[in-house]
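Taken in order, these protein sequences are the chains called A and B. 686 is the number of the first residue of the first sequence in this note's numbering; add one for each residue after it. 61 is the number of the first residue of the second sequence in this note's numbering; add one for each residue after it. No residue lacks a Cβ here, since even glycine has one placed at the ideal position from N, Cα and C. As the structure is a prediction and not an experimental result, all values here were calculated from the model.
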Amino acid sequence: MVSSLVLAAQVASGSDGFTFFENKVRPIMEEHCLKCHSEAKKVKGGLLLDRKAGWEDGGDSGPVIVPGKPEESLLIQMIRHEADVEAMPPKSKLSDGEIADLARWIKMGAPDPRGEAIGQKINESGFDLEERKQWWSLQPVARVAVPKVAPEVEEWCRTDLDRFVIAGLEAKGWAPAAEADEVTLLRRASFVLTGLAPTPGELDEFLADSREGAYQRAVDRMMSSPHFGENWARHWMDVARYGESKAFENDYVMPHTWRYRDYLVRAFNEDVPYDQFVREALAGDLLEHPRINPGTGCNESVAGPGFLHLADGHHGVTDLHEDEARVIDSMINVVGTAFHGLTISCARCHDHKFDAITDEDYYSLYGMFRSSRLHYANVAESNWSAERSRELRSAHGDVVKATVKSAAAQAGKLEEAIAKVRKLAENKELVEAWRKLNPKDAEARKKLRTELGEMTSPEAARWFVALYAPGGKQELLGMKHLFDSANPPPRKSESLGERTWLADGVGFESAESGRFFVNPDDPKIIQRAAGGGMVAGHVSARLDGTVRSEDFVTDGGPIKIWVKGRSATVSLVIRNYELVGHGPTTAPLRKRVNSDQWQLIQFPTSLWKDEVAFIQIQHQGESKRLRGAGAGEVAISDEAWVAVATEIPDWGKVWSGANSIEEMVASLLEGPKDGAGAEVLGALFSSGLLAADLADPQLKKALGSLKKVRDLIEKPVYVRSLVEGTNMNEPVYIRGNHKRPSDEENPRRFLAGLSGEAFTGRGSGRREWAEQLLKPGNPLTARVRVNRIWSRVFGKGIVASVDDFGKMGEKPSHPELLDFLANDFVKEKWSIKAMIRKMLLSSTFRMSSIPGAEAAELDPGNVFLQRMPVRRMSAESIRDHILAASGDLKRDLFGPSVPAYIKDQPNSRAKPREGPLGGNGRRSIYLASQRNYLPSFLRTFDAPNSTEPVGRRNVTNVPAQSLALLNHPLVHQQAKVWGERIVKREESDQEKLRHLHRVAFSREATKEEIEWGLSALGKLGTAANPQEAWISLCHIIINRKEFIYVF
Amino acid sequence: MSSSLSHLSRREFMHRGSLGFGSLALAGLLDQEADAAIKPHFAPKAKHVIFLYMDGGVSHVDSFDPKPLLKKENGQKPKFEVEATVFNNNGNILASPWEFKNYGQSGIPISDLFPHIGSCADDLCVMRSMTAFSPSHPNANYSLHSGLILSGRPSMGAWASYGLGSSNADLPSYVVIHGGQVPSGGMQMTGEGFLPAAHGPSVLHPKGVVLQNINPLEKKEGLQQDKLALLRQIDGQLQERRPDSALIASAVKNYEMAYRMQMAVPEVTDVSKEPESIKKLYGLDSKFNNTRTYGAQCLMARRLVEQGVRFVELTITTGNGDRWDQHGGLKNGHTKNALAVDQPIAALIKDLKSRGLLDSTLLVFAGEFGRTPFAQGRDGRDHNPQGFSIWMAGGGIKGGTIYGATDEYGYHAVENKMTVHDMHANMLHLMGVDHEKLTYRYGGRDVRLTDVHGEIIPEILA
């Protein structure tokens, strides 16, 4: 990148002409011309005045400057507003002095130092990477010494982090707040760790533990609670902008997305080290040794990238490239925010205005994601060892061999039936009747068939039907000429040319030499065969796979591909467009495959000429598709299979060389010579023309072993992930405009401000990106992560803007502490739990939330942590706490999302299925996150909109929240449930009130509260209707501030 | 309104509600994201905005932008290059099935779709050179509301609330009156995006429950008051224990506001007590259900504006015709949609005028795009973002004017082309806000409603 300013300065010193340009001409142009005639803004009339090459090239009306001849220069005529030329600028006129200066400059020969070529980016912002790199957050994490504190405060400190905090307070002369009482502390810790209040049982246990270290034991217990993972997963879901649908017009649901939520819950519960977490997030599909779930044997790591493609999805898009830019921007934004704490997406249109991020950085990331493809990975596949795979394939092969062999004797018995078919074929009337048969008319078919059977024999009828019925077997039609010379052998299929294919999953195999589909539970055994291209599902529908072509550029003509199969899909994915098949224009680009016959699929591309695309064939494609809001997930089919080919077998050849059918069948039964032979043989079995001999002992044995191995295959369990596609560098889009790519190559590499290291591997670069993030020299990764943890524990980050460590963010309140924690984090092997535990056990965390007088006045925002903050619970905690209090909370983990209660939201075509008011008692994290219909109760309490990454939620305090707690039907329902449970307790009203307070506030009721409670019950009418009174009281308790605040 | 409110007057409640609360001044926004709470940058012309959102895209060549050439070339293949459309089912030139008349002293031509609005022509400034950023509904809807084609961004109403705050302590500053038709892209397009939740819309419904959670569910008379009184008592104990916490104080205070809203919102939105003449004016006696619904919405809008609500947006009605999105059956669909809104909107203009409120209330009538001059299929029109018409009236707008122009087919804006950024800039300008100065720090940027664009258009300002 050449800085025009630097260049200008160099030449100006040696040239009067350049000096004149810089002093006179450049300012005039900047003020009056460049708004409409620069690469950076607009290019009106095709004229660029922001560089010498621009005016040399001229505009739509030709050259505008003739060096040395101002009178002949169109530019001068225009700025003079002369007749017969367009007046420029159109709405104003330059001063006479300015016009004279420009004329003089042209007279001088128009000396212009601005040497950028057309299409080259101009560095008008004066972006200086070295200067930008001086920003604090890009400096190496310092090895800081723990501050030495005075002996009298030393005893306050329990951990090193306390020493940093107290050192800050000492400097102010403030004493830390007193220690919070133990029940306040327990409740605080419980919400921070699990998002739930301690149960009365936990409270009792804690209070009964009078030994030293009771708090520590309680913290350890809560950290090993499975609810810990739920709570901390929710934090990350905010950052990952987790949502389960595509918003927009139809709010399509992304299938299997909820498994990413479950992945997070497990990851936090198991304390997956953060470095591993980062690797999985960016490249979980590429790890040599993925993390395997010890319980299920499933691949955990591959779910890591599941958040990347969670952007909204737009249908009816007219410019798919523009849409790709939008989706990839969302990925860049989430990665930049989550892991770097940088606003990388601000560098989409130009170098970052404030931070050390170039737009080459942005398009490097663009290229990285552009070279990766959305993929539904089967995590159960990791249970599928190579050894077992061999075993299965060999059992499968044995069954095929034994089946064919058991039928060998039938070859000699065909003569009689075939003679009869020959005779039938001469009966034109009969042939015609079958030809005209409506394939859906089962009645007519049955009638004709019975007639046939009566005329001949069942065997002959079967042959005849296979050849003459509508939808007859395409593989067998080639033998028709052996019956009837009017049927010449079919032509060889059209070849669609070469393509390179990339297969993912174990399902797909080459079918060039023929693959047989076997169902050991069906007497036919062999169901069909594929004899070309690739095939999946032939051994078992549960062996999953997807095949995609390399990228190619569409030429506007149709893209063709042969397919057959069941529950599969084939699509033409242009510019990684996930919603292909939805919306009017892309509807023809996605087809369900539901046919045993080869079909030629043709994807029109006239609307998308010259776009980058790939063909995608998905086994079990039906259960991997977006679905309408409210539709359930499509079950995995045990009948699914799919074959794909650019050229289909030439069955005619199999038959054309034969002298007789008997001879041909006999030869096939000895073993098909090629794919075409295999398909014909498969068709003979599937039509019942040949039958396996189920009594054959060898076949019996083979079937037994196949069933045994087959039953070990688990049903696929899908997660949204990525796979590598075709590796592409993406050019820089000038001004962020995808229609204006830079001429220069923009190789993928890490951020220039951090290392700028080039990617040397062969893949997209995602692995390299992860490794660069985790390199010891990277100053951001550990800092950003520990700061996020800190903000969740202490209510505010050391860097308050947790998502932005750049210049527009906030500076750290305790920079040394941040570095100390970052170092410690790495030293403790990136253990999130270890870090949280340290914070929870600190004296700082144990402080009361009552401020000292001076600190309250001078530090209302509590930057110096003189106390702990009073905090309102998160939306999810409020709802969960209400359910827990009433006794309705179900503590189950995981599973598909529960439809949310949305009765209070308007109808539309995208409105999903109505969910139960109480959400089946599930924690809020399990409520469906349908972007157009987020649960209004949670939104009222600032749950994020699930579209943008949010590391720090707004915490508002508005009347709508009071209205929700007063009048929302959920609150009334739960108050009722709670009241009914309370009233049934066999104890005095005082005892009931004590219980109520323990549940709601995790502490004993005060004397005043008991008095208040008793008098309230009186006012609410206990005597007349105790249950109603208790319900009302429970409603009041939920509305007490203490219910939703943590002290 | 619920009868349970009867035995405690509002004044009493406020008085009692304030007891023992310590200093409410502390209830500022210490621990929260502070509101911008700015004063207007300059004296506003419009204190209120009513945004009449014409969901689906009104056909400009059939309403406010007559194109005689369409009649001449009706049925012919377009002689111009056709841009990519959503349905890619582009037919021949389609003449407007409606006739245009010149209305008022200004003689602004308006089609027979809108005779009532025509009668207000001298109050309108018709902008015929509006453009949209996308031909797809959600993208265009998002940008019409927020300036960007993305979802999750703050809408203009939320910006107005953020910039100017509320002028009535009992009512929200930003209200959406929802006619029932959920716009393509979801109701969240009217949302506050990343602005604090206080600036989100209160979505009112002209039928049934007027506002989410506004109605007490207690069946027994006085029960809610009893609960509130007990709640104040016990929260008072907490406040005595924790006088330091401004958060708690302001949470307690919110219950007062909530209670006042419970009374004020149903009252202000209750159009049943309006005089018959007014009801008739707005079409509440119409035979067409959608006219009655939209009439009630317009009347509610006037009542809200009278009470100081800052920004009111109306979505259209549902149930008889699918928004303005006539890809087929243009005549029937547009007729029904116009029937629903024409009389109520004209009534709103006239009613505001007669109350002297039109000068301080800006009305904006806009869809997300226009429709193509050529047919989709036989008798529909596809989306046309390259040029279409919107209009403004009232607060600071020069009435009786036409601004900008499309080409002779109405396909592209060719004169004084404007974008949603310009529309937003001028709306804010009329409200006394400099659109370049109204910013919110988000994602490392000082974000504006108008992004980095938007021009004030002197020609449309009175």
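- At a cut-off of 8 Å, the C-beta of L1050(A) has no neighbouring C-beta in chain B.
- Only those residues of the stretch 311 to 330 of chain B whose C-beta falls short of 7 Å from the nearest C-beta of chain A are listed: A311, V312, N314, Y315, M317, A318, M321.
- Using a C-beta cut-off of 8 Å, the stretch 1301 to 1317 of chain A makes contact with the stretch 1255 to 1274 of chain A, since at least three inter-stretch Cβ pairs fall below that distance.
- CA-to-CA, the gap between I1535(A) and D866(A) works out to about 11 Å.
- Our two residues, R1227(A) and V950(A), have alpha carbons roughly 27 Å apart in a direct line.
- Of all residues in the stretch 492 to 514 of chain B, the ones placed with a Cβ closer than 9 Å to any Cβ belonging to chain A are R501, Y502, G503, G504, R505, D506, in chain order.
- Of I1521(A), P1461(A), V1089(A), the smallest CA-CA separation from S1352(A) is found for V1089(A).
- The beta-carbon distance between G440(B) and L390(B), rounded to whole angstroms, is 5 Å. This is short enough to meet the 8 Å contact definition.
- DSSP, read as helix, strand or coil, puts I1210(A) in coil.
- In this structure, the CA atom of A996(A) is about 9 Å from the CA atom of S1631(A).
- Taking 8 Å as the cut-off, the beta carbon of V146(B) is found closer than this to the beta carbon of D442(B).
- Neighbourhood of F992(A) in chain B, by CB distance below 7 Å: empty, with the nearest CB roughly 16 Å away.
- Annotation: A1328(A) is outside any alpha helix (DSSP H); the continuous beta strand (DSSP E) that includes it extends over 1326 to 1330.
- Contacts with chain B (Cβ-Cβ distance below 9 Å) from the stretch 1090 to 1107 of chain A involve no residue at all.
- Closer than 9 Å at the C-beta level to chain A, one finds no residue of the stretch 401 to 434 of chain B.
- The criterion of a C-beta distance shorter than 8 Å is satisfied by S1195(A) and M1219(A).
- F425(B) is not a Cβ neighbour of G117(B), given a cutoff of 8 Å.
- Of all residues in the stretch 281 to 310 of chain B, the ones placed with a Cβ closer than 7 Å to any Cβ belonging to chain A are L283, D286, K287, L290, L291, Q293, I294, D295, Q297, L298, D304, S305, L307, I308, S310, in chain order.
- In the DSSP assignment, the residues bridged to N984(A) are I977(A).
- Near chain B, meaning a CB-to-CB distance below 7 Å, the residues of the stretch 1632 to 1651 of chain A are T1632, E1633, N1639, V1640, T1641, N1642, V1643, P1644, Q1646, S1647, L1648, A1649, L1651.
- Contacts with chain B at 8 Å (Cβ-Cβ) do not include C721(A).
- Within its own chain, the residues whose Cβ lies closer than 7 Å to the Cβ of A485(B), once the five positions on either side in sequence are excluded, are H495, T510, G514, E515, I516, listed in chain order.
- Annotation: Q446(B) has no Cβ neighbours in chain A at a cutoff of 8 Å; minimum Cβ distance is about 12 Å.
- Relative to G1438(A), the option among A1041(A), V831(A), A874(A), A788(A) whose CA is nearest is A1041(A).
- The three-state reading of DSSP puts G747(A) in strand, counting E and B together.
- Across the set E366(B), Y315(B), R301(B), the C-alpha of E366(B) shows the shortest separation from the C-alpha of E327(B).
- Here the stretch 1352 to 1368 of chain A makes contact with the stretch 1196 to 1210 of chain A; the two share three or more CB pairs at distances below 8 Å.
- For R1725(A), the C-beta contacts it makes with chain B under 9 Å involve L291, I294, D295, L298, in order along the chain.
- Inter-segment contact for the stretch 194 to 207 of chain B and the stretch 487 to 502 of chain B is absent: fewer than three beta-carbon pairs are separated by less than 8 Å.
- Listed as beta-bridge partners of N1063(A) by DSSP are Y1403(A).
- Closest in alpha carbon position to S780(A), among K709(A), E756(A), V829(A), is K709(A).
- For the stretch 223 to 238 of chain B, residues whose beta-carbon sits nearer than 7 Å to a beta-carbon of chain A comprise H238.
- The C-beta of W1697(A) comes closer than 8 Å to at least one C-beta of chain B.
- Counting only the Cα atoms, A400(B) lies some 30 Å from G1313(A).
- L283(B) carries a helical assignment under DSSP once its states are collapsed to helix, strand and coil.
- The C-beta of A1708(A) has fewer than 16 other C-beta atoms within 10 Å across all chains shown, which makes the residue exposed.
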